[in-house]
Each structure stands twice: as structure tokens, then as C-alpha cells.
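First the structure, in the form of C-alpha cells, and then the observations on it.
Written as C-alpha cells, this is what we have:
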């Protein structure tokens, strides 16, 4: 018997729908790794926060393995592909309500893998360019403020 599919993609879709149905703007916080395709110039400290609302994205697909969409960054259309496993949170930008998820940082994953089996390969570090004004999570220590959605 195979392992069941994670509940995470289902929760992401449900909270996305809840945000849209209530007129809120859904944002996701993502820990970027080598499998995450996002505009690297907007990544800060290995993280990026993205508006995934219907007005900000085109062809949004919230799949079980990946979140995929096209969006404009600085007026330039870009394709974005995010492994669901790298999503740290989804929340309504308007009121901070949403949900966070545990995500192991790439360096932590590499350290635990190195403890089990040493490797000469080091994970690629994401670029940390300073863009103009990327979307930011609500105030509160740089992390999204989340409340339980009932």
C-alpha cells in the first residue's frame, strides 16, 4: 500500500479559495531551494513572499506537487514553479489570517543529510539581490502573522 498524499496541497487550495471568496489577497511565503523557479532578484535570505491572487497571476495551477503560474515582476512576465513542499505559509495579506507549515531549510536538510552520509556537494545558495519593493509579509518579525481560520 502506498503512502497517502500529503494534506498540504489540499489545505493550500482551501485557504486560497477562502481568501478569494472573501475578497482577500492570498500570499504565500516560500523557502527557496534549487528546485524553486522564482525571480531570484526578489529572494531575500532564501525566502520569497508572492501574491498568488487572481489579479496577480495568470494560469495559476495549485497542484499536489507544484504551484505553477505566470506573473509580472517589474513589468516582465515570468514563469514561476514552486514545489508545494517549500511553501512555509499561505495567508490573507489583508488580515494575516492563514496557515503556516513546517519546512526544513535547505542548509538544515544538507546538514542532516551530511550527518547520515557525507557528501562533497554543497547546496547552491540562492541569490539575495535587493529589489525595489517586493511584496512583504505583515509586520511582526518578518514572518507572516497567522491566525486559526475557523
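In our numbering, the protein residues as written are 1409 to 1558. The C-beta atom is built at its ideal place from N, Cα and C for all residues, glycine as well.
Around the CB of residue 1506, 16 or more other CB atoms lie within 10 Å, so the residue is classed as buried. Residue 1510 counts as exposed, since fewer than 16 other beta carbons sit within 10 angstroms of its beta carbon. Taking C-beta atoms as the reference points, residue 1433 and residue 1494 fail to come closer than 7 Å. Here residue 1439 is buried. Its C-beta has 16 or more other C-beta atoms within 10 Å. No Cβ-Cβ contact shorter than 7 Å links residue 1437 with residue 1479.
Restricting attention to 1499, 1425, 1415 and 1442, the CA atom closest to the CA of residue 1454 is found in 1442.
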